[in-house]
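To keep things clear, I will list the structure first and then write my remarks on it.
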Amino acid sequence: MSAGPGARPAAGLSRPGLRGREAELERLRALVEAVRDGEGGAVALLLGEPGIGKTVLLREAVSLARAHGFVVSHGHAEELHELAPLASLASGLLHGDPPLLAGADFADLAGHHDQRIWLVERLAQLIEERSAGTPVLIALDDVQWADPLSRFALSVLPSRLLSSPVLWLLTGREDPELYGHGPRPATLALRPLSGTALTELARDVLGADVPPRVQELLDGAGGNPFLAAETLSAIAASGTDGPQPPERLVLGVRGRLADLRPDTLHFLRIGSVLGRAFSLADAAALCGRPASALGAEVDEAIAAALLHDDGERLLFRHDLLRQAVYADLAPSVRRALHREAASRLVAAGRSSADAVPHLLKSAEPGDTEAIGLLGTAATDVIAVMPDLAADLAVRALELVPPHAPMVFDVGERAIVALTRAGRYTQARDTGDVLLARRPPLDVFARLQSVLGDTLWHLDDVHELTRRSTAALAAVTDPAIRARLTARQALARSRGRDLDAARETAERALAEAARSGDREARVLALWGLGEIALNAGDCAAAVEHHTALSVFDGAFLPEEAVARIHMDDFDTVRRLLRTAGDAPLRPAMLIWAQATLNTALGRLDDADADFVTAERLEAELHVPGNLVNIRVNRGLLALLRGDRDAAREHLDVVRATVAERPNTGNHATHQYFEAVVADADGDHAAAADLVRSAQRDHPFLRWRLLRPHVVQAVRIALRGGDRRLAEDLAGQAADHATRNPDVPSAQGAAAHASALLNDDGGLLEVAAGILGAGPRPLALAAASADLGRALLTSGDASATAALSRAHELYARAGADAEAERVRADLERATSSPGRRTGGRRPRADQGWDALTASERKVARLIAAGHTNRSAAAALVVSPHTVNTHLSSIFRKLSVRSRVHLARIVLAEDDAAPATGG
Numbered sequence: 049m050s051a052g053p054g055a056r057p058a059a060g061l062s063r064p065g066l067r068g069r070e071a072e073l074e075r076l077r078a079l080v081e082a083v084r085d086g087e088g089g090a091v092a093l094l095l096g097e098p099g100i101g102k103t104v105l106l107r108e109a110v111s112l113a114r115a116h117g118f119v120v121s122h123g124h125a126e127e128l129h130e131l132a133p134l135a136s137l138a139s140g141l142l143h144g145d146p147p148l149l150a151g152a153d154f155a156d157l158a159g160h161h162d163q164r165i166w167l168v169e170r171l172a173q174l175i176e177e178r179s180a181g182t183p184v185l186i187a188l189d190d191v192q193w194a195d196p197l198s199r200f201a202l203s204v205l206p207s208r209l210l211s212s213p214v215l216w217l218l219t220g221r222e223d224p225e226l227y228g229h230g231p232r233p234a235t236l237a238l239r240p241l242s243g244t245a246l247t248e249l250a251r252d253v254l255g256a257d258v259p260p261r262v263q264e265l266l267d268g269a270g271g272n273p274f275l276a277a278e279t280l281s282a283i284a285a286s287g288t289d290g291p292q293p294p295e296r297l298v299l300g301v302r303g304r305l306a307d308l309r310p311d312t313l314h315f316l317r318i319g320s321v322l323g324r325a326f327s328l329a330d331a332a333a334l335c336g337r338p339a340s341a342l343g344a345e346v347d348e349a350i351a352a353a354l355l356h357d358d359g360e361r362l363l364f365r366h367d368l369l370r371q372a373v374y375a376d377l378a379p380s381v382r383r384a385l386h387r388e389a390a391s392r393l394v395a396a397g398r399s400s401a402d403a404v405p406h407l408l409k410s411a412e413p414g415d416t417e418a419i420g421l422l423g424t425a426a427t428d429v430i431a432v433m434p435d436l437a438a439d440l441a442v443r444a445l446e447l448v449p450p451h452a453p454m455v456f457d458v459g460e461r462a463i464v465a466l467t468r469a470g471r472y473t474q475a476r477d478t479g480d481v482l483l484a485r486r487p488p489l490d491v492f493a494r495l496q497s498v499l500g501d502t503l504w505h506l507d508d509v510h511e512l513t514r515r516s517t518a519a520l521a522a523v524t525d526p527a528i529r530a531r532l533t534a535r536q537a538l539a540r541s542r543g544r545d546l547d548a549a550r551e552t553a554e555r556a557l558a559e560a561a562r563s564g565d566r567e568a569r570v571l572a573l574w575g576l577g578e579i580a581l582n583a584g585d586c587a588a589a590v591e592h593h594t595a596l597s598v599f600d601g602a603f604l605p606e607e608a609v610a611r612i613h614m615d616d617f618d619t620v621r622r623l624l625r626t627a628g629d630a631p632l633r634p635a636m637l638i639w640a641q642a643t644l645n646t647a648l649g650r651l652d653d654a655d656a657d658f659v660t661a662e663r664l665e666a667e668l669h670v671p672g673n674l675v676n677i678r679v680n681r682g683l684l685a686l687l688r689g690d691r692d693a694a695r696e697h698l699d700v701v702r703a704t705v706a707e708r709p710n711t712g713n714h715a716t717h718q719y720f721e722a723v724v725a726d727a728d729g730d731h732a733a734a735a736d737l738v739r740s741a742q743r744d745h746p747f748l749r750w751r752l753l754r755p756h757v758v759q760a761v762r763i764a765l766r767g768g769d770r771r772l773a774e775d776l777a778g779q780a781a782d783h784a785t786r787n788p789d790v791p792s793a794q795g796a797a798a799h800a801s802a803l804l805n806d807d808g809g810l811l812e813v814a815a816g817i818l819g820a821g822p823r824p825l826a827l828a829a830a831s832a833d834l835g836r837a838l839l840t841s842g843d844a845s846a847t848a849a850l851s852r853a854h855e856l857y858a859r860a861g862a863d864a865e866a867e868r869v870r871a872d873l874e875r876a877t878s879s880p881g882r883r884t885g886g887r888r889p890r891a892d893q894g895w896d897a898l899t900a901s902e903r904k905v906a907r908l909i910a911a912g913h914t915n916r917s918a919a920a921a922l923v924v925s926p927h928t929v930n931t932h933l934s935s936i937f938r939k940l941s942v943r944s945r946v947h948l949a950r951i952v953l954a955e956d957d958a959a960p961a962t963g964g
């Protein structure tokens with residue numbers, strides 16, 4: 049079946065080796081042709097039991113794709129390679145004619161293997177560039193054994209490359225459920241072959257009509273093509289009157305092994321322990337013989353159709369053969385061979401990643417070498433595969449005898465790994481078991497120090513304070529003392545006595561300097577910045593977060609957010625531009641970008657950024673900021689008049705808070721509830737909810753709520769709660785006093801006071817202050833209130849104030865607020881029905897549904913830009929471009945760049961005639 053791109057086989061026929069798979073072949077052919085013809089990316093899964101024919105079909109699809117002009121990556125995941133980051137995908141990406149990736153490209157990726165999000169984004173960019181002129185097939189066999197980093201990449205890349213001509217073809221024993229928000233996979237579940245297909249297969253092998261006796265023997269294969277082929281091979285060799293063909297493969301392989309020389313049999317058993325594919329050198333080391341002395345054994349195994357030599361490694365001809373040899377080993381022998389394999393590999397200078405898979409199958413309690421290697425492997429992979437690192441560290445701890453002195457060091461590593469993996473409860477429980485063993489005082493303090501990070505993520509600041517205080521009474525190590533003091537400061541940053549918290553953090557910083565401990569310095573500076581922000585001292589927050597960001601670039605987002613509170617938007621733009629191609633915390637960096645765009649009144653861009661940040665957190669399985677993201681998106685939706693979207697966001701917030709309540713989430717959640725209730729006309733309930741937001745701290749202590757203090761005052765007044773309004777206005781005034789150089793703080797205080805006291809003159813002052821600042825929505829709100837006050841008093845200058853408010857709201861896309869102001873403008877101008885530039889409601893589908901930023905992205909992509917070059921042109925993250933593209937494709941109902949280019953061309957051609 050080597051026809052050209054347009055040729056098709058005769059209906060109902062398939063070539064030998066593919067009998068009974070005609071329907072699956074046709075579906076694969078259709079997918080290949082759809083991707084080739086510009087229909088966008090696609091994912092196909094071939095699922096089924098071992099021997100059912102997945103690999104044969106995959107190879108046929110690879111041949112078909114090559115015939116259609118695809119560049120092909122054909123890889124194979126291996127059972128014992130789960131500790132090698134990206135090994136499964138690399139097995140195909142670096143091989144081929146031509147290879148999909150050059151060695152230099154992969155070396156660049158390997159240099160950043162500790163940054164999962166960056167690595168996958170860069171890999172996507174390389175594949176996107178490669179597929180710009182040529183369709184690409186990425187095939188991976190046995191995906192159930194893929195290493196965690198390859199699995200992570202496979203969960204992200206199909207979505208990221210949906211618009212590119214990339215076909216993903218994966219085989220596995222069951223659905224790996226990798227696909228996130230990517231295209232719905234075409235799942236081909238391979239069933240047992242029919243009797244007709246088995247008969248055709250028998251004719252292919254035996255070359256004659258199939259006697260009833262052969263058909264009877266084939267029934268024992270259960271429709272499994274590999275087992276059927278093995279049965280037919282036995283019949284071809286000995287006839288139906290010879291030895292009874294096996295009912296199952298293990299019996300057949302056992303019979304085949306019985307004819308081998310003992311040395312060859314031993315060699316094959318060693319190979320089965322090393323995996324389906326293994327090097328001759330590794331097998332020789334485990335056999336205790338030089339590789340040059342194993343030629344006869346290799347030749348005999350190949351002649352027996354058990355092994356294949358690909359020029360680099362020896363492979364069992366099928367994994368079922370390897371499993372059959374392996375299953376024929378007694379369990380105790382398997383364990384001993386795995387343990388010996390680990391020792392031999394280490395002795396030969398191989399990495400822990402090569403030895404640890406064998407240790408996981410063989411190590412027993414008290415095996416100190418295994419404990420050490422598991423710990424080393426956990427450290428090696430923790431940055432990129434934290435869940436695997438946690439599993440390895442926990443296994444190492446399980447191997448330590450309960451009263452061995454090393455239990456505390458190994459246990460400490462397990463706590464760190466579990467915390468990095470987000471398994472906070474398990475980390476805390478592990479620490480508590482260790483503490484119950486009454487460790488020496490310095491060990492007690494060290495364990496409490498690492499548990500501090502766990503408790504911080506659990507938002508258990510009370511327990512963090514209690515434990516750090518107890519540990520400080522016992523510690524003698526200066527570095528651990530500095531860390532504990534800094535942890536204590538962070539815990540106190542959430543409390544009411546911020547002066548005491550600041551003193552603690554300053555003491556921690558001094559202790560960190562004396563001890564020279566980097567971790568303590570980071571924690572202390574972070575604590576000082578958090579305390580300053582919570583106290584509303586924006587200048588001090590910028591000072592501390594800048595020092596932290598300079599010391600550790602991972603904290604650049606914190607500096608950016610602190611500067612946003614100072615209205616220093618120009619510096620924030622510069623920081624975000626200079627973050628580099630490989631930011632250490634991309635989700636937080638995009639959160640900072642979203643916060644900036646919200647402040648700048650770029651509501652559509654802000655929403656896209658929040659969507660991107662949420663997606664990145666979801667991909668990493670650390671949705672710690674989900675409540676704040678959804679609250680912000682809900683408030684943006686209300687500004688735009690989309691109450692249904694706001695309620696959808698509120699539902700997510702409610703569910704998340706119910707699952708994992710914490711103090712900060714309570715405040716933002718209650719305020720969001722208040723704004724929704726106010727929009728629904730339930731003003732009394734809204735005021736009660738604003739009051740509830742202050743349950744733990746005053747409203748302005750919550751820095752995410754500071755930009756909304758004027759709205760909170762308005763809600764309190766509408767709800768008839770003047771005392772609450774006075775409290776909020778007083779907080780705004782105090783915040784302005786602490787921040788005399790921040791226009792938004794000064795303007796908000798004046799605006800809140802003006803609303804409280806019905807003071808038109810003060811509204812004019814507020815508008816003047818905010819007019820000199822960088823926040824257009826705050827200016828729009830003050831101008832609208834000023835215009836309404838002037839309108840009430842009959843002042844003709846109301847029109848100018850309302851027109852300014854309307855223009856600012858309309859430009860920002862705050863359609864609901866713009867419409868309210870438009871109604872006031874009609875009264876001011878005595879012109880009912882005058883739209884004064886009012887916008888029509890945005891469509892849900894089609895070109896008119898696209899935001900301004902989405903149209904820019906659409907035009908760049910249609911002009912041939914990659915996501916990366918489009919991001920560079922727009923000075924945004926490639927992640928944000930990907931979010932825009934997903935929205936563009938959904939609104940335009942397209943799936944590929946080819947279709948998008950056609951629509952853009954048609955729109956541009958129509959623009960002169962329609963004004964679009």
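The sequence shown begins at 49 in this note's numbering and counts up by one.
Ideal Cβ placement from N, Cα and C applies to all residues, glycine included.
Here DSSP, grouped into helix, strand and coil, assigns residue 235 to strand. In this structure, the beta-carbon distance from residue 500 to residue 482 does not fall below 8 angstroms.
Around the beta carbon of residue 893, fewer than 16 other beta carbons sit within 10 angstroms, so the residue counts as exposed. When C-beta atoms of the region 654-663 are compared with those of the region 936-943, fewer than three pairs fall below 8 angstroms, so the two segments do not count as touching.
Inclusion of residue 654 and residue 684 in the CB contact set at 8 angstroms is warranted, their separation being smaller than that value. The beta carbons of residue 724 and residue 713 sit no closer together than 8 angstroms. Non-local C-beta neighbours of residue 577 in its own chain, meaning closer than 7 angstroms and more than five positions away in sequence, comprise 589, 592, 593, 596, 606 and 610, ordered along the chain. In the structure shown, residue 646 adopts helical secondary structure according to DSSP, grouped into three states. The C-beta separation of residue 860 from residue 649 comes to about 4 angstroms, placing the pair in contact by the 8 angstroms criterion. Residue 245 is positioned such that its CB atom lies no closer than 8 angstroms to that of residue 75.
Note that the C-beta distance between residue 80 and residue 113 is below 8 angstroms. Counting only the Cα atoms, residue 122 lies some 57 angstroms from residue 828.
DSSP places residue 730 in the coil class of the three-state scheme, outside both helix and strand.
Contact check for residue 523 against residue 512 fails: the beta carbons are separated by 8 angstroms or more.
DSSP places residue 929 in the helix class (H, G or I) of the three-state scheme. Here the region 194-209 lies against the region 134-143, with 3 or more beta-carbon pairs under 8 angstroms apart. Boundaries for residue 942: no beta strand (DSSP E) harbours it, and the DSSP string shows neither H nor E there.
Non-local C-beta neighbours of residue 538 in its own chain, meaning closer than 6 angstroms and more than five positions away in sequence, comprise 575, ordered along the chain.
Setting aside the 5 residues that flank it on each side, residue 139 is surrounded in the same chain by 123 and 124, each with a C-beta closer than 6 angstroms to its C-beta; the list follows chain order. Here DSSP, grouped into helix, strand and coil, assigns residue 118 to coil. Between residue 757 and residue 776, the gap from beta carbon to beta carbon is short of 8 angstroms. Look at residue 172 here: in three-state DSSP terms it is helix. Excluding the 5 residues flanking it on each side, residue 857 has same chain C-beta neighbours closer than 7 angstroms at 828, 865, 866 and 869, in chain order. Between residue 904 and residue 634, the alpha-carbon positions lie close to 23 angstroms from each other. In this structure residue 742 is buried. Its beta-carbon is surrounded by 16 or more other beta-carbon atoms within 10 angstroms.
With fewer than three CB-CB distances shorter than 8 angstroms, the region 768-782 does not count as touching the region 839-848.
Taken through DSSP and simplified to helix, strand or coil, residue 723 comes out as helix.
Listed in chain order, the non-local C-beta contacts of residue 240 below 7 angstroms within the same chain comprise 270, 271 and 272, local neighbours out to five positions each way being set aside. Shown here, residue 187 sits in a strand according to DSSP, grouped into three states.
The continuous alpha helix (DSSP H) containing residue 704 extends over residues 691-707. Residue state for residue 543 is assigned as coil, using DSSP reduced to three classes. Pairing residue 274 with residue 324 gives a Cβ-Cβ distance that is not under 8 angstroms.
Out of 681, 314, 95 and 377, the CA that lies nearest to the CA of residue 225 is found in 95.
The residues 66 and 73, in chain order, have a CB closer than 7 angstroms to that of residue 108 in the same chain once the five nearest residues on each side in sequence are set aside. Counting along the chain, residue 359 sits inside no beta strand (DSSP E), nor does DSSP assign it H or E at all.
Put simply, the region 828-840 touches the region 806-820. At least three CB pairs are less than 8 angstroms apart.
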